[in-house]
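A short worksheet on the structure shown next.
Residue numbers (UniProt numbering): 1 to 1021.
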């Protein structure tokens, strides 16, 4: 009531307006200043500010108006922690500001005498003491505590390990603290370990006892207690993820159990979420600052989040102060460059009001503001020549409950229980019973100031060592329970019956000693209430991981793949001919990789170090999509692999085709990093040290004890096939067009939706020689094939626009680039005119069914016989236009010199320059370098010439589903086998012409979505 007259006066001033303000009218200026003063007075009268005292970090500086967040003691960028921040040169103090509604009074609580900053302020719930970080006498970061009265300053972290630093700590209700330190001895891989990685440890100030809690590839930031007693924090991870966009809000129990994603897993926006704080009394809401990767460091835009609405969507976000402005989920590296205001360190007073550090414009000061959900920003305090940061109300707060420890430190194992693998988006539409086993592996991370970039393990491989622990069988109902080593970052790959990964976790889970890590399914929605059910795995004792033959070890090419080459390949591929040379013992000087590795890896389709952030579709990088696998499955001169060799090859593909499987760790300050990591993990992580070097040596010794592989010359098929001739076959384009003329009507157009049409061309009936008598192929023998009735075939592959008339939510996504530093998912594949890809056979047939119902026509996929007849259009050559030796640039979009544009480099990567020394290693895709068809990706819209019957892109652009089962040609009824796969024909933009001929056959599962497979439809009369 006392404020009502002031509010009325403010409304009166606002209604009158300030029309002449920008003309310099003194009256207008005076009225505006009066209105602002009234507004501030009204907003500052908020009872939430009755505590009237706040704790702040205070930084005096000569460049206060141009200073960025690191001048206020934050980390220098968005990928490092406090270990990379400046340790001196500051004029900083912890201060108390009081009388916030009047002339503010300032009291110094503590001021370092060594020029250190005072980051990571954390006020105890009793409001009598403050945790903070400060450099000690040896310039190493330590956690300190001081009373709010400025008394009793003391160092909290007193470890005997002089090489270990502590920072970014928070109080826990049980009297311990959670703090970040460098126990893991690992570095940020994308900068070759130049920035140290900090993970969490639990520290007892009374006893000095310490236990490592997280075993994460990259930084943990900003631990803060949630209202339920759990800890929320930010985790950066990029085990084969696009690393600019993968800082995830996590939560866990204070003892390290139940580490789970809270918000932001699997999305590009926001890149980073820092300074998170839960809203008082709310079960799920929190506030945080979003920022980019490069560019502006640590500060950014201010958002409210509510994971109970959604875990990975802007629908769960509200920006402050722009509550009514549409949130656009930008995919951008320097996300907040040029954005104002810039925010830091919010502290929620309730659901609507927040104390926040803010800089409103490029030349403004860093001050403390009261920000609310009604779009008000009210200045609380700022001082010329200074920056203020990290305001905390000086008042007692409700202490969260103590969550009892759930660890059993007498155990060195944890248990994983998955109720149903088929629940969740990870295995969406994968038929039950498909997953037979889980491949379990552990990550070993990069060392500090040592080679660890994306080229450290191989070409287009991952960043880390992947140690194969073994496999566990999955129960018939999709459940599984098994033991894992505790305190170890574990990743899981579900395998099919042949031992090929169906999905890639590209993250990890870490079980604490004695913990049961429980999941409902594979990337299930955590907001869905799980329905407990009795499953087979829960009725049995947990399984033990079945270790690989020769023992647990990281995957190294020379020890795993080279023996296969030595036995099955080098009888031919031995350097004595122009063929690829797979002999061992030769090392490329520039890369340090084996020459045989460099010769083989181009035939592997894999994700590389930076695949898309979203949860991948099942089978995206399935081994069946690798040219090497297709080559071997198609016969390849009779080469045969053993079951063990096939599984090893699949393992290599699924691990991203690494070469080394080991790190070169440089000494750090005279310390052997490998030995030191083992020592510290044994001491502070319950004996979890990993001697990966010893594991590799043990396997090498095991191999040495086995018989040496002897080269085997593959058996050549000796079966003689009859030469097949068909009357009137082949025929030229003139005859082909004459056959069309006899059909009368040669084109047909149907409308799929308003303004969206599909054109078909008439394909006459006839007969031809299908297949070939070439031995050791899946398209032998040649045989007479007859098309009894003419049919209509779509002149082009089904486009995204056409497909979305039936499946409106379909996305063909993107085609991925190589290298790292990706600022988006790759080259566009989802434009309306482009052919639809990542469409399963089942979906293609459903599309045909619904289109048939809609039009009254019999629309379906072609059989492979219909497809080959239509493709050839009378030609008996490799292609409708000629032979493998012909220039295809005017006719088809196949693997050519354009594929070299997949090799990119730099921040915001662009195609590699010709003088880049890595170029020859990253332009590996099998292709015809002498041909330039002008397009790097699949395209729509009749970019190339049609065949004689008017069909476009039969050999290129995208591969195409047929409705035929994948069966051997000429199989007799008594030898009949049941097929689980469907035939795919033609080639694509990324396929070499040799595998894009009229003959070439591929096979994929009907539920499998493939990155370069689409379809075209036919109408049968």
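Even glycine gets a Cβ: it sits at the ideal position worked out from N, Cα and C.
Whose CA, out of the options, lies closest to the CA of residue i?
i, options, result
"residue 819", "610, 649, 806 and 839", "610"
"residue 1046", "494, 942 and 498", "Shown here, the chain extends from 1 to 1021; a query on residue 1046 therefore has no answer."
"residue 153", "110, 190, 752 and 174", "110"
"residue 16", "35, 26 and 335", "35"
"residue 519", "947, 387, 422 and 452", "422"
"residue 491", "884, 216, 159 and 838", "216"
"residue 748", "792, 775, 770 and 766", "792"
"residue 812", "682, 806 and 1012", "1012"
"residue 592", "246, 652, 931 and 458", "458"
"residue 39", "139, 919 and 379", "379"
"residue 669", "65, 127 and 448", "448"
"residue 193", "355, 181, 14 and 453", "453"
"residue 460", "246, 660, 683 and 330", "660"
"residue 231", "185, 284 and 310", "284"
"residue 47", "352, 551 and 899", "352"
"residue 70", "366, 257, 238 and 11", "366"
"residue 12", "20, 32, 22 and 968", "32"
"residue 638", "555, 424 and 775", "775"
"residue 455", "521, 189 and 854", "189"
"residue 729", "58, 412, 336 and 872", "872"
Using 10 angstroms around the beta-carbon of residue i, count the other beta-carbons present and answer buried if the total reaches 16, otherwise exposed.
i, result
"residue 706", "exposed"
"residue 697", "exposed"
"residue 590", "exposed"
"residue 531", "exposed"
"residue 678", "buried"
"residue 431", "exposed"
"residue 617", "buried"
"residue 289", "buried"
"residue 484", "buried"
"residue 120", "buried"
"residue 125", "exposed"
"residue 398", "exposed"
Whose C-beta lies closer than 6 Å to the C-beta of residue i among residues of the same chain, with five residues either side of it excluded?
i, result
"residue 169", "131, 143, 177 and 179"
"residue 91", "60"
"residue 575", "581 and 583"
"residue 942", "952"
"residue 358", "341, 343 and 369"
"residue 804", "810"
"residue 105", "98 and 99"
"residue 731", "874"
"residue 210", "201, 203 and 684"
"residue 146", "110, 130 and 153"
"residue 214", "199, 200 and 220"
Can you list, in chain order, the residues of its chain with a C-beta nearer than 8 Å to that of residue i? Leave out the 5 residues immediately preceding and following it.
i, result
"residue 244", "271, 292, 293, 294, 333, 821, 822 and 823"
For a test of your reading of the model: does the CB of residue i fall under 6 Å from any non-hydrogen atom of the ligand NAP? Yes or no.
i, result
"residue 373", "Looking at this structure, you won't find the ligand NAP or any other ligand, since it has none at all."
If I measure Cβ to Cβ from residue i and keep anything under 7 Å in the same chain, skipping five residues before and after, which residues do I get?
i, result
"residue 790", "743, 762, 763, 764 and 765"
"residue 588", "595 and 598"
"residue 844", "861, 961 and 1015"
"residue 784", "724, 726, 767 and 769"
"residue 451", "192 and 664"
For my contact list, residue i and residue j are in at a C-beta cut-off of 8 Å; report their separation, rounded to the angstrom.
i, j, result
"residue 74", "residue 298", "4 Å"
"residue 53", "residue 388", "With 8 Å as the limit, residue 53 and residue 388 do not qualify as a contact, their Cβ atoms being about 14 Å apart."
"residue 273", "residue 247", "6 Å"
"residue 948", "residue 737", "6 Å"
"residue 1018", "residue 866", "7 Å"
"residue 355", "residue 391", "4 Å"
Under 7 Å between C-beta atoms, does residue i make it to chain B?
i, result
"residue 311", "Of the protein chains in this structure there is only one, and it is not chain B."
> Is the number of C-beta pairs between the segment 275 to 290 and the segment 348 to 362 that are closer than 8 Å three or more?
Replying inline: yes
>> Closer than 8 Å is the cut-off here; do at least three beta carbon pairs connect the segment 508 to 516 with the segment 391 to 404?
In response: no
>> Whether or not the segment 989 to 1000 and the segment 909 to 916 are in contact is what I'm after, with contact meaning three or more pairs of Cβ atoms, one per stretch, closer than 8 Å; do they touch?
In response: no
>> Within 8 Å, do at least three Cβ pairs link the segment 929 to 940 to the segment 834 to 843?
In response: yes
>> Contact between the segment 462 to 470 and the segment 550 to 565 is defined here as three or more beta-carbon pairs at a separation below 8 Å; is this criterion met?
In response: yes
>> When you compare the segment 887 to 904 with the segment 913 to 931, are there three or more beta-carbon pairs, one atom per stretch, that lie closer than 8 Å?
In response: yes
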